[in-house]
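**Q** Take any residue in the sequence shown, note its place counting from 1, add 2, and you have its number in the numbering used here.
Just so you know, even glycine gets a beta-carbon here, dropped at the ideal spot from N, CA and C.
The structure displayed is predicted, hence computed values, not measured ones.
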Amino acid sequence: MTFVKRYENISDQFSVVSRPKVSMMPELLLWNDDLVTQLAIPLVANEAAELLSGNRVLPDVEPVALAYSGHQFGHFNPTLGDGRAHLLGAFTDPQGQLLDIQLKGSGRTPFSRGGDGLCALGPAVREYVMSRAMAALGVPTTHCLAVVTTGDSVFREQAVAGAVVSRIASSHIRVGSFQYLALNDDKHGMRELMEHAIASHYPHITETGDARTVAFLSAVCEKQIELIIQWLRVGFIHGVMNTDNTLVSGETIDYGPCAMLEAFDFNQVYSSIDKQGRYAFGNQPNIANWNCARLAESLLTIMESEEDTALNMLTTAIGTFSDKFNQAYKAMWANKLGILEWRESDSELLSELLTLMNEHKLDYTNTFAALTNSIMAKPSNLFIVHEVIAGWYKKWQLRIAEAECTDIAKIMSRVNPAVVPRNQLVEQVIEQFMEVGSSDFLTQWLPVLNDPYNYEQQTSAFIEPLPSGANYHTFCGT
Ligand code: AMP
Ligand code: MG
């Protein structure tokens, strides 16, 4: 496998050489064979424990930790950086795209501050399951290549097994990476990083001068909009949408205290650390907008126009976020409801449904799956339209009957998953790994998660939400 050093020319402090910790007894626990095939990764499972724990570093590889800053829950932290991750380098996939491979939980780096640089088995398993499920759901995401147990203990209130996650991402350029360079007044580094991000993710940008910087900002905003729309469509709550956890590529990164929405509620928060509901399900679009504004602030430092003009240009770009988002948002609901052409009156139909779902704590996934299933040629009896929406359902049927289209069920079944990674099932898998080191359940569940729009093969064990009234909480995965 040939690794490319990708970030070494950005600036001196941006990437720092750092060796992964040697683990006592690395063993391969989870191996994403589908990803290996898809990306033609020239690694074989029996070398993976040594290479993906960081115990053996190939001669042409120089692992680095990247510097970044970040707004965490709205508060700026100037010195974050990879405190427990080592980037091995980048490789080229069969489509010619560069992809980073990074180890997470592989020991201390110059950015570890007081942390141990390690990752516990539970969060590693969560990242593996969630990222695989999200990829299959069609949500842009970083991928998990493998989870290797280290044989060492990690202390998290008590001693637990340690693990290293190997992550594949189309880059690790965060909003926080730009914030770091802006803070250090490193204009050269900023330009290098922006050019690198443009070459990797936005090669269509041809503008020059300040218009180029603005075009880059707009492109990142659009990618963030696409990402958040996908999260809302499938009911994903990230839980820690800090600027350091926001990639300019628009991929989901850092599956920490994330969860899937069950009973419908825009205010739903599962993370125990999100006391104010900053990262609630329905607040994710506002936060993405806010994070893009932080990118704009950083980019201001490399604008060449007079400050007022420059500020104006960037503010105008950020100002288009809401309109662009609202347009994409309407299109998302139109697809979810099988409405081919959205009219103003459809907003009322939608809000009536969402209000009923909220009042009656109806499961988000199963409600839309039931609507979809109900108009299929051969409906399954697993998804039943709840009686409390019976009145609304009649209006909806009349509305979709207006379109002369026989394929509405097909449109809906492409956007409304029949199965998502249910919170309590993810917990169950994690518990099994912690208790017995394996999970038979995951073996049965993965093929189902890999085919989430298949309404035919589902069994009830995979689709049941938490019993109503049960509280689910996630904790920060460090
Ligand atoms: P996260 O919450 O995983 O996005 O991490 C936020 C910041 O804390 C990043 O700079 C991480 O590198 C750092 N961090 C998280 N966990 C650890 C750890 N166990 N040891 C050192 N740094 C950590
Ligand atoms: Mg992070």
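Roughly how many angstroms lie between the CA atoms of Gln74 and Gly107, to the nearest whole one?
**A** Each residue's Cα considered, the two are about 20 Å apart.
**Q** Which runs of the alpha helix (DSSP H) at least 4 residues long sit entirely within the region 185-239? Give them in chain order.
**A** If we require 4 residues or more, the alpha helix (DSSP H) runs fully inside the region 185-239 come out as 189-203 and 211-236.
**Q** Since Asn2 is in the alpha helix (DSSP H), which residue starts that stretch and which ends it?
**A** Nothing in the structure corresponds to residue 2, since the chain is present only between 3 and 480.
**Q** Taking the C-alpha atoms as reference points, what is the distance between Ser273 and Ala265?
**A** Cα to Cα, Ser273 sits roughly 15 Å from Ala265.
**Q** Any idea if Met243 is buried or exposed, counting beta-carbon neighbours within 10 angstroms, 16 or more meaning buried?
**A** Buried, because 16 or more other Cβ atoms sit within 10 Å of the Cβ of Met243.
**Q** Could you tell me whether the Cβ atoms of Ser133 and Cys146 are closer together than 9 Å?
**A** A contact, by the Cβ cut-off of 9 Å.
**Q** For the ligand ATP, is there a heavy atom less than 8 Å away from the beta-carbon of Gly83?
**A** No copy of the ligand ATP appears in this structure; the ligands present are the ligand AMP and the ligand MG.
**Q** CB-CB under 6 Å to Ala261, same chain, minus the five flanking residues each way: which ones, in chain order?
**A** Same-chain partners within the cutoff: Ile239, Tyr272, Asn425 and Thr476.
**Q** Return yes when at least one heavy atom of the ligand MG lies under 8 Å from the C-beta of Ile255, else no.
**A** Within the cutoff, so yes.
**Q** How do the region 291-303 and the region 178-198 stand: do at least 3 beta-carbon pairs fall below 8 Å, yes or no?
**A** Because the criterion of three Cβ pairs below 8 Å is met, the region 291-303 and the region 178-198 touch.
**Q** Expressed to the nearest angstrom, what Euclidean distance is found between the alpha-carbon atoms of Ser13 and His190?
**A** Rounded to the nearest angstrom, the two C-alpha atoms are 8 Å apart.
**Q** Between which residues of its own chain and Val6 is the CB-CB distance below 8 Å, once the five residues before and five after are set aside?
**A** These residues qualify, in order along the chain: Gly91, Ala92, Phe93, Thr94 and Leu100.
**Q** To the nearest angstrom, report how far apart Met3 and Leu45 are at their CA atoms.
**A** Approximately 7 Å, taken between the alpha carbons.
**Q** Is there contact here, the region 250-258 with the region 407-421, by at least three beta-carbon pairs under 8 Å?
**A** Contact between the region 250-258 and the region 407-421 is absent, because fewer than three Cβ pairs lie under 8 Å.
**Q** Decide if the region 348-367 is in contact with the region 316-326; the criterion is three or more beta carbon pairs, one per stretch, under 8 Å apart.
**A** Touching, no, given that fewer than three Cβ pairs across the two stretches are closer than 8 Å.
**Q** Span of the alpha helix (DSSP H) holding Lys106?
**A** That residue, Lys106, is in no alpha helix (DSSP H); its beta strand (DSSP E) goes Leu100 to Lys106.
**Q** Per the contact definition of three or more C-beta pairs closer than 8 Å, is the region 405-416 in contact with the region 434-445?
**A** These segments do not touch.
**Q** Let me know the secondary structure DSSP gives Leu90 once reduced to three states.
**A** In this structure, Leu90 counts as strand in the three-state DSSP scheme.
**Q** Starting from the Cα of Arg110, find the closest Cα among Leu41, Glu194 and Val18 and give me that residue.
**A** Cα-wise, what sits closest to Arg110 is Val18.
**Q** When we look at the beta-carbon of Phe435 and count the other beta-carbons within 10 Å, is it buried (16 or more) or exposed?
**A** The residue in question, Phe435, is buried, as its Cβ has 16 or more Cβ neighbours within 10 Å.
**Q** Do three or more CB pairs link the region 451-463 to the region 375-384 at distances below 8 Å?
**A** They touch, by the three-pair rule.
**Q** Rank Thr208, Trp447, Asn368 and Leu31 by C-alpha distance to the C-alpha of Leu54 and give the top, closest one.
**A** Comparing Cα positions, the closest option is Leu31.
**Q** Which class does Met262 belong to by DSSP, given the choice of helix, strand or coil?
**A** Strand at Met262.
**Q** Any heavy atom of the ligand MG closer than 8 Å to the beta-carbon of Gly76?
**A** Incorrect: Gly76 has no Cβ contact closer than 8 Å to the ligand MG.
**Q** Is Asp246 near the ligand MG, going by C-beta to nearest heavy atom under 8 Å?
**A** Yes, the beta carbon of Asp246 sits closer than 8 Å to at least one heavy atom of the ligand MG.
**Q** Does the beta-carbon distance from Leu263 to Gly241 come in below 9 Å?
**A** For Leu263 and Gly241, no; Cβs fall outside 9 Å.
**Q** Alpha carbons only, please: which of Asp84, Asp62 and Val63 is nearest the one belonging to Gly72?
**A** Residue Asp84 is the option with its Cα nearest to Gly72.
**Q** By how many angstroms is the C-alpha of Ala87 removed from the C-alpha of Arg169?
**A** Each residue's Cα considered, the two are about 10 Å apart.
**Q** Quick one: grab the DSSP three-state call for Arg176.
**A** Three-state result, Arg176: strand.
**Q** If I follow the unbroken alpha helix (DSSP H) through Asp325, where does it start and stop?
**A** Per DSSP, Asp325 belongs to the alpha helix (DSSP H) from Phe323 to Leu339.
**Q** Here's a check: name, in chain order, each residue in its chain whose Cβ is nearer than 8 Å to the Cβ of Ala312, leaving out the five neighbours to either side.
**A** Excluding residues within five positions, the ones whose Cβ falls inside 8 Å are Asp212, Leu302, Met305 and Glu306.
**Q** To the nearest whole angstrom, what separates the beta carbons of Met414 and Thr367, a pair I think is in contact under 8 Å?
**A** Incorrect: roughly 13 Å between the Cβ atoms, too far for contact.
**Q** Consider the C-beta atom of Phe113 and the heavy atoms of the ligand AMP; say whether any pair is separated by less than 8 Å.
**A** Flag set: Cβ of Phe113 near the ligand AMP.
**Q** Say yes only if the C-beta of Val216 is nearer than 8 Å to one or more non-hydrogen atoms of the ligand MG, and no if none qualify.
**A** Result no, Cβ not under 8 Å from the ligand MG.
**Q** Could you tell me the boundaries of the alpha helix (DSSP H) in which Gln40 lies?
**A** Its alpha helix (DSSP H) spans residues Asp35 to Gln40.
**Q** Output the distance between the C-alpha atoms of Arg58 and Pro449, rounded to the nearest integer angstrom.
**A** Their backbone Cα atoms lie some 32 Å apart in a straight line.
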